[in-house]
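In the numbering used here, the protein residues as written are 2 to 350.
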């Protein structure tokens with residue numbers, strides 16, 4: 002079943018040139034996200050969430066990304082913050098997620114430091130690539146806790162927007178409207194109850210996604226974005242093919258390449274979804290082990306690499322149309338290359 006109506010698809014795509022040129026994410030698209038509770042896919046229903054399964058969510062991420070890269074990326078990242086509802090203290094979960102517009106921006110990189118003090122911590126740090134920073138209602142980030150003679154401990158901290166300074170430095174050539182800026186804090190106080198670990202369940206929420214390991218959860222999510230962008234790229238290549246003279250030799254060659262790469266995409270998609278759904282079933286039965294979760298990561302990296310290779314295989318056959326930054330093909334191409342750069346789905350893993 003489709004998540005988005007044709008009218009919503011058209012509305013989102015009508016904003017593409019604007020988003021690519023000025024880097025702003027339109028308020029009307031945020032409205033669609035709020036109305037459909039897309040930032041709350043993993044938030045309990047009593048807090049206004051939808052509480053879907055991992056296999057359901059990745060299909061939504063793919064569909065959203067096939068509509069537009071920045072839109073799909075923000076839906077994926079924004080909803081992913083709901084995973085932390087299974088890690089945070091109960092009173093903090095309610096505070097962070099109860100608002101209709103609630104969404105987390107943040108980073109798991111431990112590029113901050115925290116010092117223990119009475120009732121909590123004093124935190125200083127700077128974190129890059131925090132998608133959705135422009136409209137986040139909570140910021141989360143990892144920091145190393147310092148202590149005399151102690152091994153540094155890494156924990157995540159939840160900051161209010163008033164505590165976070167957003168540095169508007171996102172300058173990638175793709176996913177331009179994701180607002181993936183840096184944010185920093187300087188010697189701010191965080192009470193102990195607003196700290197957590199993504200590796201420790203709070204034991205309060207029964208939904209199985211909250212006992213699923215964070216890394217394969219994130220890998221599956223990002224790979225779904227890449228698959229969606231790959232599908233959109235094929236769609237735009239088909240559009241270009243339709244512009245060619247029927248008698249042009251270029252058209253017959255492109256048609257053959259397109260057919261080959263579309264078949265490749267279907268194979269990649271089939272393997273990805275069968276792996277995710279199979280692993281999820283094992284997880285529900287309590288039978289999934291580390292090697293099976295690791296297999297998810299392996300398949301995700303291979304899928305992202307395969308989609309990239311399919312894109313590179315198509316590019317030469319579209320001539321200068323592919324290089325024109327104002328064409329939909331070029332925008333999707335840049336979004337795809339940017340999304341697939343995420344470290345969790347890199348080929349070197």
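Ideal Cβ positions, reconstructed from N, Cα and C, are used throughout, including at glycine.
First and last residue of the alpha helix (DSSP H) that includes residue i?
i: residue 301; result: 291-315
i: residue 227; result: 215-244
i: residue 329; result: 329-340
i: residue 250; result: 250-285
i: residue 65; result: 55-68
i: residue 325; result: First-last for residue 325: undefined, no H or E at that position.
i: residue 95; result: 91-98
Which whole-angstrom value is the C-beta distance of residue i and residue j, which I expect to be below 8 Å?
i: residue 228; j: residue 275; result: Not confirmed; about 13 Å, so no contact.
i: residue 162; j: residue 125; result: The Cβ separation is near 18 Å, so there is no contact.
i: residue 106; j: residue 133; result: 4 Å
i: residue 26; j: residue 178; result: 5 Å
i: residue 230; j: residue 327; result: 18 Å between Cβ atoms; not a contact.
i: residue 294; j: residue 209; result: About 14 Å separates the two Cβ atoms, so there is no contact after all.
i: residue 54; j: residue 80; result: Contact doesn't hold; Cβ gap of about 13 Å is too wide.
i: residue 234; j: residue 312; result: 6 Å
i: residue 183; j: residue 157; result: About 17 Å; that fails the 8 Å criterion.
i: residue 340; j: residue 176; result: 6 Å
i: residue 97; j: residue 159; result: 6 Å
i: residue 167; j: residue 135; result: 7 Å
i: residue 190; j: residue 287; result: Their Cβ separation, rounded to whole angstroms, is 40 Å, which puts residue 190 and residue 287 out of contact at 8 Å.
i: residue 23; j: residue 91; result: Not a contact, Cβ separation roughly 41 Å.
i: residue 147; j: residue 155; result: Actually they do not touch by this definition, with Cβ atoms about 11 Å apart.
So, helix, strand or coil for residue i, using DSSP?
i: residue 119; result: coil
i: residue 108; result: strand
i: residue 154; result: strand
i: residue 130; result: strand
i: residue 24; result: coil
i: residue 84; result: helix
i: residue 77; result: helix
i: residue 6; result: coil
i: residue 124; result: strand
i: residue 212; result: helix
i: residue 159; result: strand
i: residue 49; result: coil
i: residue 200; result: coil
i: residue 113; result: strand
i: residue 35; result: helix
i: residue 172; result: coil
i: residue 205; result: coil
i: residue 178; result: helix
i: residue 103; result: coil
i: residue 71; result: helix
i: residue 40; result: helix
i: residue 29; result: helix
i: residue 318; result: helix
i: residue 135; result: coil
i: residue 12; result: helix
i: residue 288; result: coil
Under a Cβ-count criterion, where at least 16 other Cβ atoms within 10 Å of its own Cβ denotes burial, should residue i be classed as buried or exposed?
i: residue 2; result: exposed
i: residue 220; result: buried
i: residue 244; result: exposed
i: residue 45; result: buried
i: residue 289; result: buried
i: residue 225; result: buried
i: residue 305; result: buried
i: residue 169; result: exposed
i: residue 20; result: buried
i: residue 285; result: exposed
i: residue 130; result: buried
i: residue 64; result: buried
i: residue 18; result: exposed
i: residue 52; result: buried
i: residue 28; result: exposed
i: residue 70; result: buried
i: residue 196; result: buried
i: residue 108; result: buried
i: residue 218; result: buried
i: residue 344; result: exposed
i: residue 41; result: buried
i: residue 193; result: exposed
i: residue 318; result: buried
i: residue 273; result: buried
i: residue 299; result: exposed
Taking residue i as part of the beta strand (DSSP E), name the residues at either end of that continuous run.
i: residue 147; result: 139-147
i: residue 166; result: 166-168
i: residue 188; result: 182-192
If we cut at 8 Å on Cβ distances, does residue i have a partner in chain B?
i: residue 186; result: Looking at the structure shown, chain B is missing, and only one protein chain is on hand.
Q | Three-pair Cβ contact test at 8 Å for the segment 86-93 versus the segment 21-38 | A | no
Q: Could you tell me whether the segment 232-239 touches the segment 258-265, where touching means 3 or more Cβ pairs closer than 8 Å?
A: yes
Q: Could you tell me whether the segment 108-120 touches the segment 65-73, using the rule of 3 or more Cβ pairs below 8 Å?
A: no
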